[in-house]
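A.B. asks: Take this structure first; my questions come after.
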Amino acid sequence: MGLDWASIELKWQKRWAEAKIFESDPDPKRDKYFVTVAYPYPNSPQHIGHGRTYTLADVHARYMRMKGFNVLFPMAFHYTGTPILAMSKRIREGDKELIETFKSIYGVPEDKLKEFVEPINIARYFHEEIKRGMIRMGYSIDWRREFTTIDPQYSQFIRWQFSKLREGGYITQGSHPVGWCPKCGNPVGQHDTKGDVEPEIERFIVIKFKLSNEEAVLPTATLRPETVFGVTNIWVNPEVEYVKVSVEGEHWIISPQAADKLRYIKEKVEVLEKISGSSLIGKIAENPVNGERILVLPARFVDPDNATGVVMSVPGHAPYDYIALEDLKSREDEIKKFGLNVEEVKSIEPISIITVPEYSDIPAADLISKLGITGQLDPKLEKATRTLYMHEYQFGKMKENTDKYSGLTVAEARERITEDLIDSGLGDVMYELANKPIFCRCGAKVVVKIFKDQWFIDYGKPEWKDLARECIKKMEILPPEMRKEFWNVVDWLHEKACARRSGLGTKLPWDERWIIESLSDSVIYMAYYTIAKIINQYKVPAENLTPRVFDYIFLGKGDLKEVSADSGIDEEILRKMREEFIYFYPLDSRHSGRDLVPNHLTFMIFIHTAIFPKDLWPRQIVVNGSVLMEGQKMSKSLGNIIPLVKGISMFGADALRLTVLGTADLLQDVDFSFSVAKSMRERLEKLYDFVCKVASMKTGGCERIDHMARWMLSRLQRHIAEATEAMDKLMVRRAINTALYLIDRDLQWYLHRIRVDAKSEDIPPNAVPIVRKVLDAQVRMLAPATPHICEELWEILGGEGFVSTTSWPVPDKNLIDDEAEELEAYLINCIEDAQNIIKVLKKVPKKVIYYTASTWKWKVYTKLLTESLKGKLEVSNAIKLAKESIGKLDRQITDFVKKMVDELNRIPVESKERRIKFDWKKEKEFLEENLDFIAKELNAEVEVYGEEDPAIYDPERRAHLARPFRPAIYIEH
RNA sequence: GCGGGGGUGUCCGAGUCAGGUCAAAGGAGACAGGCUUAGGACCUGUUGGCGUAGGCCUGCGUGGGUUCAAAUCCCACCCCCCGCACCA
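So this is what it looks like as structure tokens:
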């Protein structure tokens, strides 16, 4: 069986489009609500994971629309960036893996694939594919405002943005190390490398040890410059050939590999001559910080491919150095071989310069013996080094033999020494890839290059950070846990490169060699949506969109007539654009995945504060987690990426929407699974069947409001309130859970209860109006999440217009009926108690007898209940109160009071407040009214007596156990 | 390291913000029964321990604390996942 989902979806998508209900224009009579979501990068089709963020934004838009707002929810496409470029290059080169991905996972047709050699064709293809998917998911987007980030008009907008930033002093220029492909002549990111490795750049401090009697230095490279005070010798690898190079006029002796690398870092690097490593052994150098005489010694662990290939030896605090030194000292032949003085070498002892808690003076030695390291090529040395590095950095203090750094923490000392060394020319900086080797897709080995005169947006500016903080303070951030994270990001954010040399995008207005990078041209485009409609409509030429035009529209600067004359844009069009912007801005809610928090979302905040006045800053950010596929991360290599359109054809758009929204809280990862999606679809089909059934039923003439009707309607109001509260915080999962499952559970109970007299499974006619009320609310509440099926159900139920534009239900306080709910809870308890006893008895019951509590018990109970609302009950006081209210006291009474005090001190205030309103005389009456139902549930005969009933049947003397809200029970078997 | 999220029963996973009716929703699996030629699907029941009366004991990463009362609040510790940029 099952529904024809596809035709229902198409039907409503078509009707929505025809009725243009999602096209929003300024309407001064209505409040606006502006929702955006980070636009997609069209280098692949969207998959189920992307679907989550967009669906959430759509649900939000739909919810606000039902709340009566004039909602604007637009969409655009982010063509800017290099990955598309890299992809087309790979296609051109016939990359089998990528072609296979496109063909089999993404389903790109052969003829289209051929066009992918042009980057723009990749973008155009996936743009259309993604857009189709969005329409098929039922997103309520105003498509009139669509654009791409390489539209010339948009480029004008971005140029305006950058001019503003530059005017505001937010742009700086400087040099920066980047991963670099020497062959392509471009910086490389993760997507440019073989195996998608992100180049990690490590910063070494080079400390220059001048050789005695020579015009050359041995530049040792280290990550721990503060240990220079503990240097006992220098290590070079005797089996390696070194070179003497001129580095900006200074002579360095380094490995040839280091010389190659330096070319990308230093201005002038020239190799002068080759020098064998062994010939360096025995030379004397001078420690630049204290003038100590330092001997050059041999060590095979020295890697010529790492940094300079020259290492300063700090045996006290570096396990490698310690073991190498011990090694050498124990081998006289080796010492002699290099012509060294045995006594001199043997006299070298580690120097202790740092104190670390729980370590001796020579921490390196501690770790060596602890880990049982035996030689200088032992792999455990790596671990020892890391451990010590971490401990000293965290807990270490500089000793008194470290000159002006003594007493500082290691962390402080490192910073200060680095600065001092570089300032004095005794030190320098060298970069190295931490995760080398890395290869560019073209095959060349990636190096580190200082990228000259790079343009930056200076997110490190303190005054700017203050503005950003102010914006965050005023903003709503959902879920609230994320606020802290934004706060931290602002703290550590610094200069961010904002332009690059290749890729699609907009050229920097003042330096056209550069293309504005994609995280920098996507920060205030929400403003552009407001005018994109008009630009598209009137086909406003890009060249007319001058900076003065944007100043006028977005900042209200200048005079309409003048701006019109100056730009050549009609006054009317200009005025309209200004109107749209003023009406829809600021942005009310921005949605994205949590991966964009440390970059895009924070940049958006920064740039808004730099360009717009405070009343136009964004008002809310909503962050959601990602989607796993059957418990695993989605990835191409696992082949578990399901394109969204495929998901739609498998489960239907609504079931898919429900699955990505209803199975995890905002921040948590959704674990998508086929079985869940399938059960969601089945759940919706069940709802459909039920609605059809109810819609076809005759409504009973009299709409008698009996106990169960009151109960059902009361429960419904609570669920509406709960779902509304949840939606307001975008806790969509909770809202769905309430609207779909909790309401249904109560509805099932309601139907179960009222069917007691009816033989058939049909709903009694007088209950139909109640059921319809429930369904009406349920369909409205589900409409944002599952719009297609809800439109269908809305139509079946005879609703007016579209459910998408009808109102969200409002709980009716007058229908809240505490008594009905209390009575019903009471009944369920009575049944469960009896069932519990039957279970323990392990007998089939013949007759179940309930005894309700006597008048005096109720009197005392009511008294104690009143008293307990004032504060904690004490047994002694309670006994006094009991005596007052019934005028006597005996063992039975005190036992009862003790029990009640215990119970009353345990139940929540809310239920006490409900109970205090309860008319206890109804207890027995209510049980009697429901005898048939209880009998059916327990599958036994049921009788009810009052504890004081003269005609009581109580063979086992159980009646005296009766308590208010808890009748005594006797079960005959 | 810094920052963020998280550790719940056989497993997955709610509950934690607003402490109490929480032995802890909902699934899955397992077991028993119904249906069926059989399997599947479906339905009913059981699924921490003890108990011939609605009860008791143990229990929500570990250890403390606050409280009449803690899965929920506070402190410390252990473990897992994610981010730390020039990449969308």
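Read in the working numbering, the first sequence has 746 at position 575, and its numbers run on one by one without any break. Virtual Cβ for every residue (Gly too), placed ideally from N, Cα, C.
1) Using beta-carbon positions only, say whether residue 488 and residue 443 come within less than 8 Å of one another.
2) Excluding sequence positions up to five away, which residues of its chain have a Cβ less than 7 Å from the Cβ of residue 667?
3) Would you mind giving the Cβ-Cβ distance between residue 247 and residue 319, rounded to the nearest angstrom? I have them listed as a contact below 8 Å.
4) Where residue 551 and residue 543 are concerned, what is the direct C-alpha to C-alpha distance, given to the nearest angstrom?
5) Around the C-beta of residue 918, are 16 or more other C-beta atoms found within 10 angstroms, so that it is buried, or is it exposed?
6) With H, G and I counted as helix, E and B as strand and the rest as coil, what does DSSP make of residue 775?
7) Apply the 10 Å Cβ neighbour rule to residue 1095 and answer buried if 16 or more other Cβ atoms are within range, or exposed otherwise.
8) For residue 1058 and residue 1064, I'd like the C-alpha separation in whole angstroms.
9) Could you say which of 939, 308 and 364 lies nearest to residue 179 if we only look at CA atoms?
10) Output yes or no for whether 8 Å exceeds the beta carbon distance between residue 389 and residue 424.
11) Output yes or no for whether 8 Å exceeds the beta carbon distance between residue 530 and residue 480.
12) Starting from the C-beta of residue 446, find all residues in its chain whose C-beta is less than 8 Å away, skip the five residues before and the five after it, and write them out in chain order.
13) Going along the chain, which residues of its own chain have a beta-carbon closer than 6 Å to the beta-carbon of residue 801, five neighbours each way excluded?
14) Is the region 248-264 touching the region 674-690, taking contact as three or more C-beta pairs under 8 Å?
15) What does residue 611 pair with, by DSSP beta-bridge criteria?
16) Express the C-alpha separation of residue 1040 and residue 1030 in angstroms, rounding to a whole number.
17) Among 372, 493, 613 and 575, which residue has its Cα nearest to the Cα of residue 354?
18) Contact check, residue 798 vs residue 312 under 8 Å by CB: the rounded distance?
19) Nearest by alpha-carbon distance to residue 746: which of 1047, 705 and 793 is it?
20) Can you give me the C-alpha to C-alpha distance between residue 361 and residue 370, rounded to a whole angstrom?
21) Comparing alpha-carbon positions, which option in 458, 334 and 643 lies nearest residue 721?
22) Check the C-beta distance from residue 1152 over to residue 827 and give it rounded, since I have them as a contact under 8 Å.
23) Suppose contacts are defined by Cβ-Cβ distances below 8 Å. Is residue 511 in contact with residue 453 by that definition?
24) Helix, strand or coil: how does DSSP classify residue 834 here?
25) Whose C-beta lies closer than 6 Å to the C-beta of residue 597 among residues of the same chain, with five residues either side of it excluded?
26) Kindly identify the DSSP beta-bridge partner or partners of residue 446.
27) Am I right that residue 408 and residue 484 are in contact with their C-beta atoms under 8 Å? What's the rounded C-beta distance?
28) Name the DSSP beta bridge partners of residue 1141, please?
29) Assign residue 916 to one of two classes, buried (16 or more other C-beta atoms within 10 Å of its C-beta) or exposed (fewer than that).
30) Per DSSP, residue 763 forms a beta bridge with which residues?
31) How would you label residue 693, buried or exposed, when you count the other beta carbons within 10 angstroms and need 16 or more for buried?
32) For residue 791, which of 891, 657 and 744 has the nearest alpha-carbon?
33) Between the Cα of residue 314 and the Cα atoms of 493, 328, 299 and 324, which residue gives the shortest distance?
34) Are residue 570 and residue 539 touching if we call contact CB-CB under 8 Å?
35) Where do the ends of the beta strand (DSSP E) carrying residue 348 lie?
36) Assuming residue 359 contacts residue 611 under a Cβ cut-off of 8 Å, what Cβ separation, rounded to an integer in Å, is found between them?
C.D. replies: Looking at the atomic coordinates:
1) Contact flag unset, no.
2) 627, 628 and 630
3) Contact flag correct, Cβ pair sits at about 7 Å.
4) 9 Å
5) buried
6) In this structure, residue 775 counts as helix in the three-state DSSP scheme.
7) buried
8) Approximately 11 Å between the Cα atoms of the pair.
9) 308
10) yes
11) Cβ distance not < 8 Å, so residue 530 and residue 480 don't count as in contact.
12) 412, 413, 414, 415 and 424
13) 844
14) yes
15) Per DSSP, 364.
16) 16 Å
17) 613
18) No, residue 798 and residue 312 are not in contact; Cβ-Cβ is about 21 Å, not under 8 Å.
19) Relative to the Cα of residue 746, the nearest Cα in the group 1047, 705 and 793 belongs to 705.
20) 7 Å
21) 334
22) Limits of the chain in this structure are 172 at one end and 1144 at the other, which puts residue 1152 out of reach.
23) Note that the C-beta distance between residue 511 and residue 453 is below 8 Å.
24) coil
25) 379 and 459
26) 413
27) Wrong, their Cβ atoms sit about 13 Å apart, outside the cutoff.
28) 1020
29) It is exposed - the Cβ of residue 916 has fewer than 16 other Cβ atoms within 10 Å.
30) Answer by DSSP bridge pairing, in chain order: 794.
31) Buried.
32) 657
33) 299
34) no
35) 342-352
36) 6 Å
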